[in-house]
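Participant: Take the sequence shown: its letters are residues 147 to 280, numbered as in the working numbering.
Submitted below is the structure of interest, expressed as C-alpha cells.
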Amino acid sequence: MILPRFIGLTPAIELIIKNPFTGRAYPERGSVVAIIDTGYEGFLLIPSDVFDTTFGELESERRELILADGRKVRSRGVFGETILEPYVVDGFIETVEGVNEFVVGAEFLESFKLELDYCTKTARLELCPQHLLY
C-alpha cells in the first residue's frame, strides 16, 4: 500500500521515472512529487526538460490533448516506467511545452484502488489484485 499525501487540497504521490531501454532514472536519487489529477486521462505528464533528459534519445509519439477549457495542445511521449516502491507501473509518459509539474492521471490510476478522505486529509493507494505479480 502507498500512502499519498496532500499538498493543500491536492493529493500527491512520490515516484521515480525510468527509461526501461537505457536504465536512466529521474531523479537520480530520491523521488519526485506528482499530483493526482483524475481530470487528466493520460498516464503521466512531466516537464519538458525532464522528458528530454530521461527519454530524449527515443523517438517520441505525438498526441493531441484537450484541456479543461477546450483548448487543444500537442504532446510528445514514449512508453516508460514509474516506480512507486514496491511497484513498477508501465505507461505512456508525455510532456507539453510549458508544463512545470508532474501529474499522474486516470490511465495511471486504473491499476490502483484510490481512497481519499478530505476530512482527515489522508489517502491510500493499493495495487488492484489483477495487477499483482506472483
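Where a beta carbon is used, it is the ideal one built from N, C-alpha and C, also for glycine.
This structure is a prediction, so every number in the text was calculated from the model and none was measured.
Beta strand (DSSP E) containing E227: first to last residue?
Facilitator: Indexing the sequence shown from 1 puts residue 227 at position 81. Element bounds for E227: K218 to L230.
Participant: May I ask you to list the residues that DSSP assigns as paired with L213?
Facilitator: By 1-based counting over the sequence shown, the position of residue 213 is 67. L213 is not bridged to any residue.
Participant: Hey, quick one: how far does the alpha helix (DSSP H) through D183 stretch, first residue to last?
Facilitator: Within the sequence shown, numbered from 1, the residue matching residue 183 stands at position 37. Looking at the DSSP string, D183 is not in any alpha helix (DSSP H), and its letter there is neither H nor E.
Participant: Under the DSSP definition of a beta bridge, which residues are partnered with F248?
Facilitator: Position 102 of the sequence shown, counting from 1, holds the residue named residue 248. Looking at the DSSP assignment, F248 forms a beta bridge with A180.
Participant: I'd like to confirm something about P193: is its beta-carbon nearer than 8 Å to some heavy atom of the ligand COA, or not?
Facilitator: As for the ligand COA, it is missing from this structure, which has no ligand bound.
Participant: Do T200 and I192 have their beta-carbon atoms positioned less than 9 Å apart in this structure?
Facilitator: Position 46 of the sequence shown holds residue 192. Position 54 of the sequence shown holds residue 200. Going by C-beta atoms, I192 is nearer than 9 Å to T200.
Participant: Excluding five sequence neighbours on each side, which residues of the same chain lie with their C-beta closer than 6 Å to the C-beta of V235?
Facilitator: Here the question's residue 235 lines up with position 89 in the sequence shown. Correct list, in chain order: T228 and S257.
Participant: Suppose the cutoff is 7 Å on Cβ atoms and the five residues either side in sequence are ignored; what does the same chain contact list for Y280 look like?
Facilitator: Numbered from 1 along the sequence shown, position 134 holds the residue referred to as residue 280. Because the pLDDT at Y280 is just 46, under 50, the model does not fix this residue reliably, and the value given afterwards should be weighed accordingly. Once the five neighbours on either side are set aside, Y280 has no close Cβ partner at all.
Participant: Quick one: grab the DSSP three-state call for F258.
Facilitator: In the sequence shown, counting from the first residue as 1, residue 258 sits at position 112. In this structure, F258 counts as strand in the three-state DSSP scheme.
Participant: Buried or exposed: where does C274 fall if 16 or more other Cβ atoms within 10 Å of its Cβ makes it buried?
Facilitator: For the purposes of this step, residue 274 is identified with residue 128 of the sequence shown, where counting begins at 1. Exposed, because fewer than 16 other Cβ atoms sit within 10 Å of the Cβ of C274.
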